[in-house]
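Peer 1:
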Amino acid sequence: MLGGVPLGGDGVPNNGEIALSASVVTVGLSKAYGSAQALTRVNLEVPTGALYGLIGPNGAGKTTLLEILAGLRLPTSGEVHLAAQRAAIGYCPDVAEFEPWLTATEVIDLSLSLLGQESTREAVATVLDLVGLGKSAHRRVGGFSRGMTTRLNLGAALVAQPQILLLDEPVASLDPLGRADILDLLASLAGQTTVIVSSHDLSGVEELCTDIGVLVGGRLLFQGRTADLLASVRGDRWLVEVRPPATTVLAMLSAAPWVSQVKETAPGRIELHAPTADQVESHLSRLLADAGARVVALSPVRPSLDEAFLALTAAPRDEGRS
Amino acid sequence: MTVWRLEIARLWRTRRLVALLGVFLVLGFGEPVLTYYLPQLVNGETNGIKIVIPPATPAQALKGFSQNAAQLGILVVVIVAAASVALDARPALASFYRTRIRCPSLLILPRATAVAVASVVGLVLGSAAAWYETRVLIGYLSPARLAAGCGLEALWLVFSVVVVTTWATLVRSVLAVAGWSLATLLVLALLDSITAVAPWAPTALASGIQDLLPGGGGVPWRAVAVTAAATALLLAVATRLARSRRSDR
Chain A
-7 MLGGVPLGGD GVPNNGEIAL SASVVTVGLS KAYGSAQALT RVNLEVPTGA
43 LYGLIGPNGA GKTTLLEILA GLRLPTSGEV HLAAQRAAIG YCPDVAEFEP
93 WLTATEVIDL SLSLLGQEST REAVATVLDL VGLGKSAHRR VGGFSRGMTT
143 RLNLGAALVA QPQILLLDEP VASLDPLGRA DILDLLASLA GQTTVIVSSH
193 DLSGVEELCT DIGVLVGGRL LFQGRTADLL ASVRGDRWLV EVRPPATTVL
243 AMLSAAPWVS QVKETAPGRI ELHAPTADQV ESHLSRLLAD AGARVVALSP
293 VRPSLDEAFL ALTAAPRDEG RS
Chain F
1064 MTVWRLEIAR LWRTRRLVAL LGVFLVLGFG EPVLTYYLPQ LVNGETNGIK
1114 IVIPPATPAQ ALKGFSQNAA QLGILVVVIV AAASVALDAR PALASFYRTR
1164 IRCPSLLILP RATAVAVASV VGLVLGSAAA WYETRVLIGY LSPARLAAGC
1214 GLEALWLVFS VVVVTTWATL VRSVLAVAGW SLATLLVLAL LDSITAVAPW
1264 APTALASGIQ DLLPGGGGVP WRAVAVTAAA TALLLAVATR LARSRRSDR
């Protein structure tokens, strides 16, 4: 049963409860800024313990949605049901800011204090180590880089051990190493904390998130398992890499009736499309042998989340589907 | 780190405490010196015009301090208070606080209290400095009268900080909060020109030290009552507005 902090469209707590295995549910959530519609009837459903990726182009409404969930904005209409008290919801905005004259330790300590929780030196130090700021614990945050501030932002949320964690572009300002560290850290929360990550970094979302929501123009176009979204993109592409020249192989593939499309993307690197995987698996190895090709690599091309996203947003639909 | 420790750190580390204490101390030490040497600076004859200023009196020195504290002092207090209580001036920082605290008034009230206390301490130290300097240079004046006048001006400072706090729940930027607050205090000062209203106006307290010096008007009790009531009322309004405010309001 979801208790938490349900809000009606007027911001008044809603006494209705919804029986779902979800930690975050929105029902017909809409938000307008004057005449501009930021969100339109969004029905979000985030399973408990899921790592949920919220993706969409700029201006899709991702930040607005997260801010409504965090209690910073009121929806114009619709309902929000959260399976946690407000104090158990962590929110990390995309651009974090702290009092520049506080040290990192003091920020973490203050975060706990504001939430009414007891703070211990060990807990603060552990969190700072966790987000990679152990060596900067006693530095004033005014001198922090943007990446360090992002890490501190995450630490300030994690120290309270939130049941729901809302992250807006958590890896946008991090270097590759920092990005990998934070993605690993977030992955370690799976099952314990419900994490909603809004990001433009689709490869990061694909790597991290078990569930996904695609928000375009304030509408939720897709919601479900990441694997289901990837599977919805036709996966009939194969990559064949041979020692150049690939002229003979190209000619034979172009003539093969089971190949629908073929092109050489780089010398010796051929990408081919076939209507079914069965035909490729049955004929490709024989064709390469007949062509006398020296095969370097041979693999199916998995659709990326970028491709799935582009395919989905190319033909937007009105309602979200599960 | 509690919100009270946070506010003490804010005053200390941002040098706001130095500004609040410094302005009153500079006025306190400076005004008696200026009053003492003014006759020597001005007396003389230029182009056949002879200017004669009578010797300085203790009351003149403290009156000068009171006048400057009511103008320059209040300007610094309003700016420092606006910088402290404008919780929503920096949205990213505001979201850090707003997503963690049950009610924003739990943040705003300690901020206002810290600035108000520091301002009053500054006024008391400045008044003590002015009294000491006056006694050394010019002559003796009863410290009891000065203390009572100081109490009236302290109430005016607290009221001013509460005006700033209320504006901080209505507008966002530090500049807007400070601007609207100063405009409000200016409008109140204009009420002093209306004879029927002047005894009731909070601005009557701004000259509290002058009123209690020999020849002054005495304690403006009606203004004390109005100011105390208005301070309590504005605090209640600010608390309510802070609670209902969201990022998009």
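Protein sequences, first through last, are from chains A and F.
According to the numbering used here, the stretch in the first sequence is residues -7 to 314, in order.
According to the numbering used here, the stretch in the second sequence is residues 1064 to 1312, in order.
In this text, a Cβ means the ideal position worked out from N, Cα and C, and glycines have one as well.
Quantities reported herein were computed from a predicted structural model and do not represent experimental measurements.
(1) Starting from E1070 of chain F, trace the beta strand (DSSP E) in both directions and tell me its first and last residue.
(2) Please state if the CB of T202 of chain A and the CB of A42 of chain A are separated by a distance shorter than 8 Å.
(3) Whole angstroms are fine: how far does the CA of K1113 of chain F sit from the CA of R1198 of chain F?
(4) Per DSSP, which one or two residues make a beta bridge with P92 of chain A?
(5) Give me the subset of the region 1143 to 1155 of chain F whose CB atoms are less than 9 Å from a CB atom of chain A, sorted by chain position.
(6) Closest to R131 of chain A by C-alpha separation, out of A:T95, A:V123 and A:L107, would be which residue?
(7) Taking all protein chains shown into account, decide if L66 of chain A is buried (16 or more other Cβ within 10 angstroms of its Cβ) or exposed.
(8) Could you name the residues of chain A that L1074 of chain F contacts, counting a contact when the two beta carbons are closer than 9 Å?
(9) Provide the residue(s) that pair with E161 of chain A in DSSP beta bridges, ordered along the chain.
(10) Mind checking E59 of chain A: buried by the 16 CB within 10 Å criterion, or exposed?
(11) If you compare alpha carbons, which of A:A28, A:A62 and A:G48 is closest to V187 of chain A?
(12) Find the residues of chain A that neighbour L1069 of chain F, judging by a C-beta separation of less than 7 Å, and give them in chain order.
(13) Pull up the DSSP beta-bridge partners for Q253 of chain A, would you.
(14) Do the CB positions of Y1160 of chain F and L212 of chain A come within less than 8 Å of each other?
(15) Going by DSSP, what residues sit across from D203 of chain A in a beta bridge?
(16) Determine the direct distance from the alpha carbon of A1217 of chain F to that of R1303 of chain F, and round the result to whole angstroms.
(17) Beta carbon of V234 of chain A, beta carbon of V241 of chain A: below 8 Å?
(18) Examine chain A for any beta-carbon lying closer than 8 Å to the beta-carbon of R1079 of chain F, and answer yes or no.
(19) If we ignore side chains and look at the alpha-carbon of each, how far apart do I1171 of chain F and L150 of chain A end up?
(20) Taking A75 of chain A as the query, report the chain F residues whose CB atoms sit under 8 Å from its CB, ordered along the chain.
(21) Considering only their Cβ atoms, is the gap separating R1153 of chain F from W93 of chain A smaller than 8 Å?
(22) For V1143 of chain F, I'd like the list of residues in its chain whose CB is within less than 7 Å of its CB, leaving aside the five on either flank, ordered along the chain.
(23) Quick one, which of A:A266, A:T305 and A:V232 has its alpha-carbon nearest L280 of chain A's?
(24) Going by C-alpha to C-alpha distance, which of F:T1065, F:N1110, F:L1097 and F:Q1134 sits closest to R1120 of chain F?
(25) Start and end of the beta strand (DSSP E) containing L175 of chain A?
(26) Does the Cβ-Cβ distance between S1129 of chain F and I1272 of chain F come in under 8 Å?
(27) If you drop the 5 nearest sequence neighbours on each side, which residues of the same chain put their C-beta closer than 6 Å to that of T55 of chain A?
(28) Closer than 7 Å to a non-hydrogen atom of the ligand GTP - does that hold for the CB of S1244 of chain F?
(29) Let's see if you can read the secondary structure: which residues bound the alpha helix (DSSP H) around V1144 of chain F?
(30) Using a Cβ-Cβ cut-off of less than 8 Å, list which residues of the region 34 to 68 of chain A approach chain F; keep chain order.
(31) Whose Cβ in chain F lies nearer than 9 Å to the Cβ of L107 of chain A?
(32) What does the Cβ neighbour count give for C1213 of chain F, buried or exposed, with the cut at 16 atoms within 10 Å?
(33) Run through DSSP, which three-state label would A1301 of chain F get?
(34) For chain F, is any of its Cβ atoms less than 8 Å away from the one on A88 of chain A?
(35) Helix, strand or coil for L104 of chain A, going by three-state DSSP, please let me know.
Peer 2: Let's see:
(1) Within the second sequence, residue 1070 of chain F is the residue found at index 7, counting from 1. Unbroken run through E1070 of chain F is the alpha helix (DSSP H), V1066 to R1076; no beta strand (DSSP E).
(2) As a position in the first sequence, residue 42 of chain A is number 50, starting the count at 1. As a position in the first sequence, residue 202 of chain A is number 210, starting the count at 1. Contact: yes.
(3) For the purposes of this step, residue 1198 of chain F is taken as the residue at position 135 of the second sequence. For the purposes of this step, residue 1113 of chain F is taken as the residue at position 50 of the second sequence. The straight-line gap from Cα to Cα measures roughly 30 Å.
(4) Taking the first sequence and counting its residues from 1, one reaches residue 92 of chain A at position 100. DSSP, once it has assigned bridges, lists no residue as partnering P92 of chain A.
(5) R1153, P1154 and A1155
(6) For this step, residue 131 of chain A is matched to residue 139 along the first sequence. Of the listed residues, the one whose Cα sits closest to R131 of chain A is A:T95.
(7) Here the question's residue 66 of chain A lines up with position 74 in the first sequence. Buried is the call here.
(8) Start at 1 with the first residue of the second sequence, and residue 1074 of chain F comes out as number 11. Those within 9 Å of L1074 of chain F in chain A number zero; the least Cβ separation is about 11 Å.
(9) The sequence position of residue 161 of chain A within the first sequence is 169, counting from 1. None; E161 of chain A has no bridge partner.
(10) One-based indexing of the first sequence puts residue 59 of chain A at position 67. That one is buried.
(11) Translated into the one-based positions of the first sequence, residue 187 of chain A becomes position 195. If we check each option's Cα against that of V187 of chain A, A:A62 comes out closest.
(12) Locating residue 1069 of chain F in the second sequence gives position 6, where the first residue counts as 1. Simply L102.
(13) As a position in the first sequence, residue 253 of chain A is number 261, starting the count at 1. DSSP output for Q253 of chain A lists A:H265 as bridge partner(s).
(14) Within the second sequence, numbered from 1, the residue matching residue 1160 of chain F stands at position 97. Within the first sequence, numbered from 1, the residue matching residue 212 of chain A stands at position 220. Cβ distance not < 8 Å, so Y1160 of chain F and L212 of chain A don't count as in contact.
(15) The count along the first sequence starts at 1 and reaches residue 203 of chain A at position 211. Answer is A:Y44 and A:R217.
(16) Numbered from its first residue, the second sequence carries residue 1303 of chain F at position 240. Numbered from its first residue, the second sequence carries residue 1217 of chain F at position 154. So the two alpha carbons sit approximately 25 Å from each other.
(17) Within the first sequence, numbered from 1, the residue matching residue 234 of chain A stands at position 242. Within the first sequence, numbered from 1, the residue matching residue 241 of chain A stands at position 249. Contact: yes.
(18) Sequence index remark: in the second sequence, residue 1079 of chain F carries index 16 (1-based). Chain A contact via Cβ: absent.
(19) Here residue 1171 of chain F refers to the residue found at position 108 of the second sequence. Here residue 150 of chain A refers to the residue found at position 158 of the first sequence. About 25 Å.
(20) If you number the first sequence from 1, residue 75 of chain A lands on position 83. What A75 of chain A touches in chain F: nothing, since even the nearest Cβ is about 17 Å away.
(21) Mapped onto the first sequence, residue 93 of chain A falls at position 101. Mapped onto the second sequence, residue 1153 of chain F falls at position 90. Contact flag unset, no.
(22) Position 80 of the second sequence, counting from 1, holds the residue named residue 1143 of chain F. The answer, listed in chain order, is R1079, A1082, L1083 and V1178.
(23) Numbered from its first residue, the first sequence carries residue 280 of chain A at position 288. Of A:A266, A:T305 and A:V232, the residue nearest in Cα terms is A:V232.
(24) In the second sequence, counting from the first residue as 1, residue 1120 of chain F sits at position 57. The residue you asked about is not Arg; residue 1120 of chain F is Thr in the sequence shown. T1120 of chain F has its Cα closest to that of F:L1097, out of F:T1065, F:N1110, F:L1097 and F:Q1134.
(25) Position 183 of the first sequence, counted from the first residue, corresponds to residue 175 of chain A. Premise fails: L175 of chain A lies in the alpha helix (DSSP H), P168 to A179, not in any beta strand (DSSP E).
(26) By 1-based counting over the second sequence, the position of residue 1129 of chain F is 66. By 1-based counting over the second sequence, the position of residue 1272 of chain F is 209. Cβ atoms of S1129 of chain F and I1272 of chain F: closer than 8 Å.
(27) Along the first sequence, one-based indexing puts residue 55 of chain A at 63. Closer than 6 Å at Cβ, skipping near neighbours: D160.
(28) You won't find the ligand GTP in this model; it holds no ligand whatsoever.
(29) Position 81 of the second sequence, counted from the first residue, corresponds to residue 1144 of chain F. According to the sequence displayed, residue 1144 of chain F carries Ala and not Val. First-last of the alpha helix (DSSP H) with A1144 of chain F: I1137 to V1148.
(30) E59, A62, G63, L64, R65 and L66
(31) Position 115 of the first sequence, counted from the first residue, corresponds to residue 107 of chain A. By Cβ distance, chain F contributes R1163 and I1164.
(32) Position 150 of the second sequence, counting from 1, holds the residue named residue 1213 of chain F. By the 10 Å Cβ count, C1213 of chain F comes out buried.
(33) Against the second sequence, residue 1301 of chain F aligns to sequence position 238. In this structure, A1301 of chain F counts as helix in the three-state DSSP scheme.
(34) Here residue 88 of chain A is taken as the residue at index 96 of the first sequence, counted from 1. Answer yes: the Cβ-Cβ gap between A88 of chain A and chain F drops below 8 Å somewhere.
(35) Here residue 104 of chain A refers to the residue found at position 112 of the first sequence. Here L104 of chain A sits in helix by DSSP.
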